[in-house]
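Q:
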Amino acid sequence: MSTTTTHTGENEVTILARVLGNERGQLSPEMARHILDLGFSDRDKARMHDLAVRNQEDALSAAEKEELFAFAKAGTLLSILKSKARRTLGIKLETQTAS
Numbered sequence: 002m003s004t005t006t007t008h009t010g011e012n013e014v015t016i017l018a019r020v021l022g023n024e025r026g027q028l029s030p031e032m033a034r035h036i037l038d039l040g041f042s043d044r045d046k047a048r049m050h051d052l053a054v055r056n057q058e059d060a061l062s063a064a065e066k067e068e069l070f071a072f073a074k075a076g077t078l079l080s081i082l083k084s085k086a087r088r089t090l091g092i093k094l095e096t097q098t099a100s
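Residues are numbered in this note's numbering as their position in the sequence shown, beginning at 1, plus a constant of 1.
This is the structure:
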């Protein structure tokens with residue numbers, strides 16, 4: 002009989018932080034700077050835009066819906082990793098307020 006153990010607080014971000022950083026999930030300054038340089042290519046951005054527009058028209062195949070969801074998850078993960086990288090480097094984002 003096999004059992005599955007669920008670790009509370011384990012998700013893609015904490016696992017990747019350990020892979021990219023140290024055992025405690027802390028990023029080195031070098032890795033943090035590298036993460037802040039990461040981003041989607043122009044080709045990927047164009048693909049995401051195309052999928053998003055066609056999704057609003059309910060014109061995506063099942064495979065394209067999965068692809069759009071994968072882009073969304075990757076973008077969320079990248080945003081969270083970049084936030085962690087900024088914290089590691091002590092960088093604060095300036096917030097803009099509407100006048």
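Using N, Cα and C, we set each Cβ at its ideal position, and we do this for glycine too.
1. Within a Cβ cutoff of 6 Å, which residues of the same chain sit near Thr89, ignoring the five residues on either side of it in sequence?
2. Determine the DSSP secondary structure at Glu13, reduced to helix, strand or coil.
3. Leaving out five residues on either side along the sequence, give the residues of the same chain with a beta carbon under 8 Å from the beta carbon of Leu52.
4. Quick check on Gly76: does DSSP put it in helix, strand or coil?
5. With DSSP run on the structure shown, which of helix, strand or coil describes Asp59?
6. Measure the Cβ-Cβ separation of Leu21 and Leu82 and say whether it is below 9 Å.
A: The structure says:
1. On the sequence shown, position 88 is the one that residue 89 refers to. Contacts found: Leu28, Ala33.
2. Here residue 13 is taken as the residue at index 12 of the sequence shown, counted from 1. Helix, per DSSP.
3. On the sequence shown, position 51 is the one that residue 52 refers to. Hits under 8 Å: Leu61, Glu65, Glu68, Leu69, Phe72.
4. As a first step, residue 76 must be located in the sequence shown, where it is residue number 75. If DSSP states are grouped into helix, strand and coil, Gly76 belongs with the helices.
5. The residue labelled residue 59 in the question sits at position 58 within the sequence shown. DSSP places Asp59 in coil when its eight states are reduced to three.
6. Within the sequence shown, numbered from 1, the residue matching residue 21 stands at position 20. Within the sequence shown, numbered from 1, the residue matching residue 82 stands at position 81. Contact flag set, yes.
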